[in-house]
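**Student:** First the structure, then my questions, so here it is.
There are 2 protein chains.
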Amino acid sequence: MARKQAADYEQRREAIVDHAARLFASRGFLGASVADLAQACGASKSLIYHYYPSKEDILFEVMDSHLLQLTGAVETVTGSQAPAERKLRDLTHRFMGLYVGAADRHKVLLNDLNHLPPERRAMIVTRQRALIDAVQALIAAVRPDLATPRARRPLTMLFFGMINWTHTWFDPKGAASSDEVAELAAELILGRTR
Amino acid sequence: MARKQAADYEQRREAIVDHAARLFASRGFLGASVADLAQACGASKSLIYHYYPSKEDILFEVMDSHLLQLTGAVETVTGSQAPAERKLRDLTHRFMGLYVGAADRHKVLLNDLNHLPPERRAMIVTRQRALIDAVQALIAAVRPDLATPRARRPLTMLFFGMINWTHTWFDPKGAASSDEVAELAAELILGRTR
DNA sequence: CCTACCGATCGGTAGG
DNA sequence: CCTACCGATCGGTAGG
Chain A
4 MARKQAADYE QRREAIVDHA ARLFASRGFL GASVADLAQA CGASKSLIYH YYPSKEDILF
64 EVMDSHLLQL TGAVETVTGS QAPAERKLRD LTHRFMGLYV GAADRHKVLL NDLNHLPPER
124 RAMIVTRQRA LIDAVQALIA AVRPDLATPR ARRPLTMLFF GMINWTHTWF DPKGAASSDE
184 VAELAAELIL GRTR
Chain B
4 MARKQAADYE QRREAIVDHA ARLFASRGFL GASVADLAQA CGASKSLIYH YYPSKEDILF
64 EVMDSHLLQL TGAVETVTGS QAPAERKLRD LTHRFMGLYV GAADRHKVLL NDLNHLPPER
124 RAMIVTRQRA LIDAVQALIA AVRPDLATPR ARRPLTMLFF GMINWTHTWF DPKGAASSDE
184 VAELAAELIL GRTR
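Protein sequence lines, in the order shown, are assigned to chains A and B. Just so you know, we're using my numbering here: the first sequence kicks off at 4 and counts up by one. Just so you know, we're using my numbering here: the second sequence kicks off at 4 and counts up by one.
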């Protein structure tokens with residue numbers, strides 16, 4: 004028989020990850036203590052350790068959940084029949100939407116990766132690399148002039164630089180929307196603007 | 004009369020900052036202890052505190068020294084008589100050169116700014132903003148088509164995203180040189196490639 | 001699910 | 001009497 008406590012087990016786990024994302028994003032992984040997290044969750048430290056074996060496991064969960072969303076966007080877009088240029092624009096908008104919608108998790112993924120233990124870090128890095136490779140294939144298809152064998156990776160990373168760096172400055176309440184920023188980044192990569 | 008030991012005072016201070024940059028870059032400000040720093044310098048903690056009143060002062064020095072270099076590059080370039088496009092290309096190359104040459108300090112500046120006490124952080128942020136404004140003026144001059152009032156800041160930040168993000172992936176021993184990457188970033192902003 | 005704790009290590013400072 | 005510097009240890013707090 005199922006136990007009663009199992010009913011909100013997943014909700015509690017998710018709430019912990021959500022508060023952890025907020026704390027880690029604002030203070031850094033080392034700057035936010037498990038006691039801080041417990042307080043934010045309105046619980047004791049022991050409760051946290053009931054749901055997760057270690058602070059690093061919570062960090063992994065924050066990153067993993069976000070990366071899952073990003074990977075989903077890539078699969079959706081690359082599975083379509085649209086031309087490469089359309090796919091790249093579409094994916095850029097989806098990425099920006101996820102970056103803004105999950106800004107805390109995104110910051111944590113970008114800032115605290117080296118606080119994961121090696122095996123966990125390797126898992127994340129492998130999946131990040133798959134994301135990058137998918138985008139690189141689109142960019143190579145759209146910009147055969149620039150994406151020479153030696154420039155292909157740098158070009159792709161400059162693209163990720165544009166959109167990943169938004170976490171440091173983009174304000175959802177600011178003048179420009181995330182779609183406008185995504186469009187601008189796509190235009191720059193596509194080189195269609197002159 | 005000058006004391007003999009004062010002769011290497013500045014050298015020792017600089018050595019501390021240099022080791023701190025390396026440690027903070029690889030483990031983060033909170034992940035590297037003053038004891039680690041002392042060990043890296045082959046000295047005692049007390050020696051560190053003889054030269055700097057606190058760990059945060061060392062962090063400030065790491066960032067300040069790097070920002071001074073970047074500001075110098077901006078002044079050199081904007082003071083020339085070259086056309087805006089030439090200035091932007093030139094500045095992009097100089098930035099990339101400084102980013103690679105002072106990779107540790109650059110990482111620290113980008114990753115650990117929020118571990119500075121508020122007043123110190125405000126000083127750094129103010130000077131960063133001046134850098135950004137100077138680049139924005141060049142971009143606005145070069146791309147009047149894209150740099151509408153509302154798109155001006157996002158466009159500038161996308162540019163900084165391209166070059167700042169290089170600290171996560173660029174390898175000086177890799178296939179592409181920092182000048183090639185700088186050129187690619189400049190091309191994308193200039194939109195001259197199609 | 002909490003209070004009460006642990007081994008260790010933190011940034012910073014004492015006397016000499 | 002100064003400066004530069006050391007070994008040892010301070011009061012608090014970290015993850016668990």
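Glycine residues also receive a C-beta, built at the ideal position from the N, C-alpha and C atoms. Here the structure is a predicted model, which is why all the values come from computation and not from measurement.
Quick one: what does DSSP say residue 42 of chain B is sitting in, helix, strand or coil?
**Tutor:** Looking at residue 42 of chain B - three-state DSSP - the assignment turns out to be helix.
**Student:** Please list the residues of the stretch 146-160 of chain A that have a C-beta atom closer than 7 Å to any C-beta atom in chain B, keeping them in chain order.
**Tutor:** Residues passing the 7 Å Cβ filter: 148, 149, 153, 154, 157, 158, 160.
**Student:** Nearest to residue 72 of chain A by CA position, among A:108, A:139, A:160, A:118, is which residue?
**Tutor:** Nearest C-alpha to residue 72 of chain A: A:108.
**Student:** Is it buried or exposed for residue 23 of chain A, if we count other Cβ within 10 angstroms and need 16 for buried?
**Tutor:** Buried is the call here.
**Student:** Counting only Cβ pairs nearer than 7 Å, list the residues of chain B close to residue 179 of chain A.
**Tutor:** Those within 7 Å of residue 179 of chain A in chain B are 153, 154, 157.
**Student:** When DSSP labels each residue in this structure, what does residue 182 of chain B get in the three-state scheme?
**Tutor:** In this structure, residue 182 of chain B counts as helix in the three-state DSSP scheme.
**Student:** In this structure, how does DSSP classify residue 33 of chain A when only helix, strand and coil are distinguished?
**Tutor:** In this structure, residue 33 of chain A counts as coil in the three-state DSSP scheme.
**Student:** Just reading off the alpha helix (DSSP H) that residue 152 of chain B is part of, what are its end residues?
**Tutor:** Element bounds for residue 152 of chain B: 152-167.
**Student:** Closest by CA to residue 142 of chain B, which one among B:90, B:29, B:20?
**Tutor:** When only C-alpha atoms are compared, the closest one is B:90.
**Student:** Could you have a look at residue 141 of chain A and say whether DSSP puts it in helix, strand or coil?
**Tutor:** Residue 141 of chain A: helix per DSSP, three-state reduction.
**Student:** Counting only beta-carbon separations shorter than 8 Å, does residue 187 of chain A have a partner in chain B?
**Tutor:** Interface residue, yes.
**Student:** Chain B beta carbons: is any one of them nearer than 8 Å to that of residue 107 of chain A?
**Tutor:** It does not; no Cβ of chain B falls within 8 Å.
**Student:** Helix, strand or coil for residue 102 of chain A per DSSP?
**Tutor:** Helix, per DSSP.
**Student:** Give me the chain B residues within the contact set of residue 184 of chain A, using Cβ-Cβ distance strictly less than 8 Å, ordered along the chain.
**Tutor:** Within 8 Å Cβ-Cβ: 157, 161.
**Student:** Are residue 167 of chain B and residue 114 of chain A touching if we call contact CB-CB under 8 Å?
**Tutor:** No, Cβ-Cβ distance for residue 167 of chain B and residue 114 of chain A is not below 8 Å.
**Student:** Return the chain-ordered list of same chain residues with a C-beta closer than 6 Å to the C-beta of residue 98 of chain A, the five sequence neighbours on each side being excluded.
**Tutor:** So the qualifying residues of the chain are 166.
**Student:** How far does the alpha helix (DSSP H) with residue 68 of chain A in it reach, from first residue to last?
**Tutor:** 58-81 is the span of the alpha helix (DSSP H), which, as asked, contains residue 68 of chain A.
**Student:** Among A:80, A:159, A:179, A:25, which has the Cα closest to the Cα of residue 43 of chain A?
**Tutor:** Closest option to residue 43 of chain A, Cα to Cα, is A:25.
**Student:** Do residue 69 of chain B and residue 112 of chain B have their CB atoms nearer than 8 Å?
**Tutor:** Taking 8 Å as the Cβ cut-off, residue 69 of chain B and residue 112 of chain B qualify as a contacting pair.
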